[in-house]
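Asker:
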Amino acid sequence: MDIAAIQNISIADYDYSLPDSRIAKFPLARRDASKLLVCRNGSISEAQFSDIAQYLPAGSLLVFNDTRVIQARMHFQKESGSKVEIFCLEPWQEALSSAFEERVSVCWKCLVGNNRRWKAPFLQRELQTGGRRVVLRAERLQAISGAWVIRFTWDGGVSFAEILEAAGEMPLPPYLHRQAEESDKVRYQTVYAHCNGSVAAPTAGLHFTEKVLADVRQAGVETEFVTLHVGAGTFKPVSSERIGGHEMHTERLLLTKEQLLHLQRHAGRPFIAVGTTTVRTVESLYWFGVQLLRHEPVDGMHIHQWYPYQVEGVLPSATEALSCVLEFMDRRNLICLEGETQLMIAPSYHYHLVNGMVTNFHQPKSTLLLLVSAFVGDRWKTVYQYALEHDFRFLSYGDSCLFLP
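Just so we're aligned: the sequence shown equals residues 13 to 417 in this note's numbering.
#1: So, are the CB atoms of A399 and L49 less than 8 Å apart?
#2: Apart from the five residues on each side of it in sequence, which residues of its chain come closer than 8 Å, Cβ to Cβ, to E58?
#3: Relative to the C-alpha of N53, which residue among V211, H362, I82 and V395 is closest?
#4: Taking 8 Å as the threshold, find out whether the region 156-175 comes into contact with the region 103-117 through three or more Cβ pairs.
#5: Taking its Cβ as the centre, do 16 or more other Cβ atoms sit within 10 Å of D411, making it buried, or is it exposed?
#6: Quick one: is H241 buried, meaning 16 or more other Cβ sit within 10 Å of its Cβ, or exposed?
#7: Can you give me the C-alpha to C-alpha distance between R292 and H316, rounded to a whole angstrom?
#8: For the putative contact between V96 and R129, defined by C-beta atoms under 8 Å, what is the C-beta separation to the nearest angstrom?
#9: Quick one: what's got a C-beta closer than 8 Å to V228's C-beta in the same chain, skipping five residues either side?
#10: Would you list the residues sitting across from E151 in a DSSP beta bridge?
#11: Indicate whether the contact test is met: 3 or more Cβ pairs, each with one atom in the region 339-350 and one in the region 381-390, closer than 8 Å.
#12: Nearest to Y200 by CA position, among M369, L414, L218 and S62, is which residue?
#13: Confirm, please, whether the CB-CB distance from R137 to F88 is below 8 Å.
#14: Please list, in chain order, all residues of the same chain as S408 whose beta carbon is under 6 Å from its beta carbon, the five residues on each side excluded.
#15: Scan the region 265-327 and note each continuous beta strand (DSSP E) run of 3 residues or more that stays entirely inside, going in chain order.
#16: D78: buried (16+ other C-beta within 10 angstroms of its C-beta) or exposed?
#17: Opposite G351 in the DSSP bridges: which residues?
#18: Starting from L188, trace the alpha helix (DSSP H) both ways and give me its first and last residue.
#19: Are T246 and F220 close, meaning C-beta to C-beta below 8 Å?
#20: Quick one, are the C-beta atoms of G351 and P328 less than 8 Å apart?
#21: My output table needs one value for L338: the three-state DSSP class, helix, strand or coil.
#22: Following the continuous alpha helix (DSSP H) through W120, name the residue where it begins and the one where it ends.
#23: Label P31 either buried or exposed according to how many other C-beta atoms from any shown protein chain fall within 10 Å of its C-beta, with 16 as the threshold for buried.
#24: Could you spell out the range, first to last residue, of the beta strand (DSSP E) harbouring K9?
#25: Kindly indicate which residue of E339, L416, E151 and L414 has the alpha-carbon position closest to the one of W120.
#26: With DSSP as the reference, label F38 as helix, strand or coil.
#27: On the premise that F283 lies in contact with G368, defined as a C-beta separation below 8 Å, what is that separation, rounded to the nearest angstrom?
#28: Pick helix, strand or coil for K90, following the three-state DSSP scheme.
#29: How about A36 and Q60: do their beta carbons lie closer than 8 Å?
#30: If you measure between the beta carbons of G287 and T371, is that distance less than 8 Å?
#31: Below 8 Å on the Cβ atoms is my contact criterion, and I expect L34 with R405 to pass it. Report the Cβ-Cβ distance as a whole number of Å.
#32: Can you round the beta-carbon distance between F340 and L305 to whole angstroms, since I take them to be within the 8 Å contact cut?
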């Protein structure tokens, strides 16, 4: 791939007019009542999401992101009455799992709203959790990359996960222009959400119900889960004129050896990713395998955004690449692989595992739209125009799209 040509792609070519009225501000009463646009063999048809099992090829592997959205947005009220908002992005220099289990103090990288009004050494609020009164304090330690490192301290012997559940609010996307409601705690979460860590939902999965999952398996489709914790950067539009000027956000991923074995066994067969976060996860695993096969020095898994476009020579198969990742885990006695990815999937990218995709309709000028275009080419324009003309709902709480070869 010519990296210079890719970095020279104009983001203006991935713009379209999205009226605010077409953005779904609330979810439908039933998850699987959303519309499904099916794009297959170049043709477009409409269905209801509850019938998606009918459109998936038998023998496919459907892969989901089982991350769970944390209630990352907290408000502290000063004696003057003004409020300061603290948005927890990720633990600072600590693993997610241990950060949630801390019971006295923990440091997180956070965004701070109304920061200029934060004059005192720390902010404080009281809350109730587990029938106990807890006093929570927040203290700024240092500014970093447009954010702050905040130390939280509390009493009561409860975990930080419990603190967030009691004090936090669901971090809805900014384009919804509304406050989170009680119902969002359920509806902005997939039914299979399992691993705490995201500040945004993997929204392609919001349409699935237990019945739809059962229908899919009954139709002869296998399922598997991976975890990628979605960061706030997923909503960051490409503000540079050329995509080479955009810095992709880094997100954490993890999966077990059993999950990786299942992905490896299915490589080369129909492989359908539910959501762009799942796409980036499994494709990043491939590139980690490439790094290992090329004997590049690695201290764990980290995929730079431009790495795939810099690799020269013959590339291994998906099976070979994933086998190398499994060998890496064996050598280090790992039962779970944890890593980071900054992967940008842009037009001209060659997919190595994914050959089908379930996804929502994305914002104009977004890296998510670039990812879709890399899969279907300029047909994305026809698909999106069809969706706009046929009353499809857009973005996180909107309708769904199934792309098949």
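For every residue, glycine included, the Cβ atom is placed at its ideal position computed from N, Cα and C.
Answerer: So, to answer that:
#1: Here residue 399 corresponds to residue number 387 of the sequence shown, with the count starting at 1. Here residue 49 corresponds to residue number 37 of the sequence shown, with the count starting at 1. The answer is yes: Cβ separation under 8 Å.
#2: Taking the sequence shown and counting its residues from 1, one reaches residue 58 at position 46. The residues are K47, L48, L49, V50 and H402.
#3: Here the question's residue 53 lines up with position 41 in the sequence shown. Considering only alpha carbons, the answer is V395.
#4: yes
#5: Position 399 of the sequence shown, counting from 1, holds the residue named residue 411. With 16 or more Cβ atoms within 10 Å of its Cβ, D411 is classed as buried.
#6: Sequence index remark: in the sequence shown, residue 241 carries index 229 (1-based). Answer is buried; the Cβ neighbour count reaches 16.
#7: Counting from 1 along the sequence shown, the entry for residue 292 is found at position 280. Counting from 1 along the sequence shown, the entry for residue 316 is found at position 304. Cα to Cα, R292 sits roughly 12 Å from H316.
#8: Within the sequence shown, numbered from 1, the residue matching residue 96 stands at position 84. Within the sequence shown, numbered from 1, the residue matching residue 129 stands at position 117. Right, their Cβ atoms sit about 6 Å apart.
#9: The residue labelled residue 228 in the question sits at position 216 within the sequence shown. I64, A65, L68, L74 and T235.
#10: For this step, residue 151 is matched to residue 139 along the sequence shown. For E151, which the question treats as bridged, DSSP gives the partners F134 and R163.
#11: no
#12: Translated into positions along the sequence shown, residue 200 becomes position 188. If we check each option's Cα against that of Y200, L218 comes out closest.
#13: By 1-based counting over the sequence shown, the position of residue 88 is 76. By 1-based counting over the sequence shown, the position of residue 137 is 125. It is a contact, given that the beta carbons lie within the stated cut-off.
#14: Counting from one through the sequence shown, the residue named residue 408 turns up at place 396. Closer than 6 Å at Cβ, skipping near neighbours: P185 and T215.
#15: Considered as a whole, the region 265-327 harbours 283-286 and 313-315 as its complete beta strand (DSSP E) runs of no fewer than 3 residues, in chain order.
#16: As a first step, residue 78 is located in the sequence shown; it is residue number 66 there, counting from the start. With 16 or more Cβ atoms within 10 Å of its Cβ, D78 is classed as buried.
#17: Translated into the one-based positions of the sequence shown, residue 351 becomes position 339. G351 has L265 and M313 as its beta-bridge partners, per DSSP.
#18: Counting from 1 along the sequence shown, the entry for residue 188 is found at position 176. Element bounds for L188: n/a, residue is neither H nor E.
#19: Numbered from 1 along the sequence shown, position 234 holds the residue referred to as residue 246. Numbered from 1 along the sequence shown, position 208 holds the residue referred to as residue 220. Going by C-beta atoms, T246 is not nearer than 8 Å to F220.
#20: For the purposes of this step, residue 351 is taken as the residue at position 339 of the sequence shown. For the purposes of this step, residue 328 is taken as the residue at position 316 of the sequence shown. Cβ atoms of G351 and P328: not closer than 8 Å.
#21: Position 326 of the sequence shown holds residue 338. L338: helix per DSSP, three-state reduction.
#22: What you label residue 120 is simply residue 108 of the sequence shown in a count that begins at 1. Careful: W120 lies outside any alpha helix (DSSP H), inside the beta strand (DSSP E) at S117 to G125.
#23: Taking the first residue of the sequence shown as position 1, residue 31 is located at position 19. Exposed, since its Cβ has fewer than 16 Cβ neighbours within 10 Å.
#24: Missing from the structure shown is residue 9; the chain here goes from 13 to 417 and no further.
#25: Position 108 of the sequence shown, counting from 1, holds the residue named residue 120. Scanning E339, L416, E151 and L414 for the CA closest to the CA of W120 turns up E151.
#26: Here residue 38 refers to the residue found at position 26 of the sequence shown. Per DSSP, reduced to three states, the secondary structure at F38 is coil, with no helix or strand assignment.
#27: Within the sequence shown, residue 368 is the residue found at index 356, counting from 1. Within the sequence shown, residue 283 is the residue found at index 271, counting from 1. So it is a contact: roughly 7 Å between Cβ atoms.
#28: What you label residue 90 is simply residue 78 of the sequence shown in a count that begins at 1. Looking at K90 - three-state DSSP - the assignment turns out to be coil, as it is neither helix nor strand.
#29: Sequence index remark: in the sequence shown, residue 36 carries index 24 (1-based). Sequence index remark: in the sequence shown, residue 60 carries index 48 (1-based). Result no, Cβ atoms of A36 and Q60 do not sit closer than 8 Å.
#30: Translated into positions along the sequence shown, residue 287 becomes position 275. Translated into positions along the sequence shown, residue 371 becomes position 359. Yes, Cβ-Cβ distance for G287 and T371 is below 8 Å.
#31: Numbered from 1 along the sequence shown, position 22 holds the residue referred to as residue 34. Numbered from 1 along the sequence shown, position 393 holds the residue referred to as residue 405. The residue asked about is misnamed: residue 34 is Arg in this sequence, not Leu. Indeed they touch by this definition, with Cβ atoms about 7 Å apart.
#32: Residue 340 sits at position 328 when you count from the first residue of the sequence shown. Residue 305 sits at position 293 when you count from the first residue of the sequence shown. About 10 Å separates the two Cβ atoms, so there is no contact after all.
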